[in-house]
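Chains A and B, in that order, are what the protein sequence lines are.
Position one of the first sequence corresponds to residue 405 (our numbering), numbered consecutively onward.
Position one of the second sequence corresponds to residue 10 (our numbering), numbered consecutively onward.
Taking it in order: structure first as structure tokens, then the write-up.
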Amino acid sequence: MVKSQFKIQQMAFMLLAVTLFFVLAGIFIFIFKFSDLKAAATELSEKNALLLVTRLANSPEFSCGEAFDYADIACVDGDKIMALKQNQKEYKDFWGISNIEVRKILSNKTDECTIKNYPDCEFIKINNDNETGDFISNFVILCQKDSFGGEVYDKCEISRLMISYKPI
Amino acid sequence: MINKKKSQEEMVGFGLIIIIVAVIILIFLRFSITKQKSNIESFEAENFIFGFLQHTTDCKNNQKFLNVKELIFECYNEKNCEDGRIACKVLNSTLTNIIEKSWDVNKGSQYHGYKLIINSNQANLINMSSGELNGNSKGASQDFSRSGNEFQILFSVYGD
């Protein structure tokens, strides 16, 4: 009688240990799967942000269109952006973005572009909002018409199109 | 005596089960915790290649400033710029400048190395790299051809 009671107790402990083990293993698997999911979500949101920049670069207000010989996708027209800069109040809240900036990567100047110094400047900034939020960027090609020795040519420079938007 | 032997056998069996379970948990943890190296096609790297190919250089030929793509063709044909500089040297210095100002691979930054390879008809035109080429990488490639010659650009940047 005592022996069988002991056996039942032993089995109960064993069952408890096995259940506890599976519960702990389940928690482990759940945590690791959940962390993977979080990483995937971050990667996806980063990709979406980069796509947003490219979509902006390809919008009619920015894109080179047929004005330049070589560039097509992710090509922004510097002259168009300068014109847009002059009318930035009209475009407030148009894209739902706080600030837009196009910064040349290889520039020996450090000044912001204005109508006076353009194109001998480093960056064009369109302020829709004085507040700055989350900041994302992607590579684009910034093209403009330039002249050398009296001849007009297409000058394209690799740049970063940066946008900041208010976090949700 | 028989009872003692039986309980010893049970203990050995229980011990074996614990060892097997522990080994399974360790294997599982090893695969879960170890960061898997990944090499992903990057939208950013793709735009970067597209961007630098269209970048206008200061190398002039036939009364026209060449972009990087045209400079690759000039380099392949072993030509010089109008001012006498060797096209391949201008290409190399322009690309180094662009990459170093675009991707910060210094200590403490997000990236710790890059690699750029430009091949033409299986021959290597440009092969430049800097920093540590290990860990996760993101990159892109682009192929194009001119006058029957195939060109391939491969760019990868390595980070945490």
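In this text, a Cβ means the ideal position worked out from N, Cα and C, and glycines have one as well.
Because the structure is a prediction, the values reported are computed rather than measured.
Cβ separation of residue i and residue j, assumed to be a contact under 8 angstroms, to the nearest whole Å
i, j, result
"residue 466 of chain A", "residue 480 of chain A", "5 angstroms"
"residue 509 of chain A", "residue 562 of chain A", "5 angstroms"
"residue 81 of chain B", "residue 134 of chain B", "7 angstroms"
"residue 64 of chain B", "residue 108 of chain B", "Actually they do not touch by this definition, with Cβ atoms about 12 angstroms apart."
"residue 165 of chain B", "residue 124 of chain B", "5 angstroms"
"residue 32 of chain B", "residue 425 of chain A", "In fact, because the Cβ distance is near 14 angstroms, the residues do not count as touching under 8 angstroms."
"residue 460 of chain A", "residue 567 of chain A", "6 angstroms"
"residue 462 of chain A", "residue 492 of chain A", "Contact doesn't hold; Cβ gap of about 20 angstroms is too wide."
"residue 454 of chain A", "residue 52 of chain B", "5 angstroms"
"residue 84 of chain B", "residue 70 of chain B", "Contact doesn't hold; Cβ gap of about 12 angstroms is too wide."
"residue 94 of chain B", "residue 68 of chain B", "7 angstroms"
Residue i - partner residues in DSSP beta bridges
i, result
"residue 150 of chain B", "B/163"
"residue 564 of chain A", "A/507 and A/543"
"residue 137 of chain B", "B/125"
"residue 120 of chain B", "B/168"
"residue 557 of chain A", "A/550"
"residue 132 of chain B", "B/129"
"residue 527 of chain A", "A/507 and A/516"
"residue 89 of chain B", "B/95"
"residue 39 of chain B", "Note: residue 39 of chain B sits in no beta bridge, so no partner."
"residue 605 of chain A", "Examination of residue 605 of chain A is not possible in this model, given that chain A is present from 405 through 572 alone."
"residue 143 of chain B", "Answer by DSSP bridge pairing: none, since residue 143 of chain B is not bridged."
"residue 467 of chain A", "A/480"
"residue 158 of chain B", "B/155"
"residue 73 of chain B", "B/70"
Residue range of the unbroken beta strand (DSSP E) whose run includes residue i
i, result
"residue 510 of chain A", "First-last for residue 510 of chain A: undefined, no H or E at that position."
"residue 548 of chain A", "538–552"
"residue 481 of chain A", "479–481"
"residue 70 of chain B", "65–70"
"residue 78 of chain B", "Where residue 78 of chain B is concerned, there is no enclosing beta strand (DSSP E), although the alpha helix (DSSP H) it sits in stretches over 77–85."
Extent of the continuous alpha helix (DSSP H) to which residue i belongs
i, result
"residue 97 of chain B", "96–111"
Candidates the options: closest to residue i by CA position
i, options, result
"residue 547 of chain A", "B/38, B/66 and B/51", "B/66"
"residue 514 of chain A", "A/544, A/506, A/521 and A/525", "A/525"
"residue 60 of chain B", "B/77, B/37, B/72 and B/14", "B/77"
"residue 473 of chain A", "A/410, A/567, A/565 and A/545", "A/545"
"residue 564 of chain A", "A/424, A/507, A/413 and A/414", "A/507"
"residue 543 of chain A", "B/137, B/122, B/136 and B/112", "B/112"
"residue 557 of chain A", "B/103, B/74, B/90 and B/94", "B/74"
"residue 98 of chain B", "B/136, B/121, B/117 and B/71", "B/136"
"residue 86 of chain B", "B/62, B/156 and B/167", "B/156"
"residue 120 of chain B", "B/33, B/54, B/34 and B/20", "B/54"
"residue 115 of chain B", "B/142, B/153 and B/89", "B/142"
"residue 482 of chain A", "A/517, A/451 and A/409", "A/517"
"residue 139 of chain B", "B/148, B/122, B/68 and B/132", "B/122"
"residue 154 of chain B", "B/91, B/79 and B/15", "B/79"
"residue 505 of chain A", "A/489, A/426, A/555 and A/553", "A/489"
"residue 512 of chain A", "A/523, A/502, A/519 and A/503", "A/523"
"residue 539 of chain A", "A/469, A/449 and A/463", "A/449"
"residue 552 of chain A", "B/35, B/72 and B/92", "B/72"
"residue 145 of chain B", "B/17, B/95 and B/167", "B/167"
"residue 549 of chain A", "A/451, A/468, A/418 and A/411", "A/468"
"residue 477 of chain A", "A/499, A/421 and A/464", "A/464"
"residue 485 of chain A", "A/443, A/437, A/409 and A/519", "A/519"
Exercise. Would you say the region 155–163 of chain B touches the region 123–136 of chain B, given that touching needs at least three Cβ pairs under 8 angstroms?
Worked result: yes
Exercise. Touching or not, the region 430–445 of chain A and the region 21–32 of chain B, by the rule of three or more beta carbon pairs under 8 angstroms?
Worked result: no
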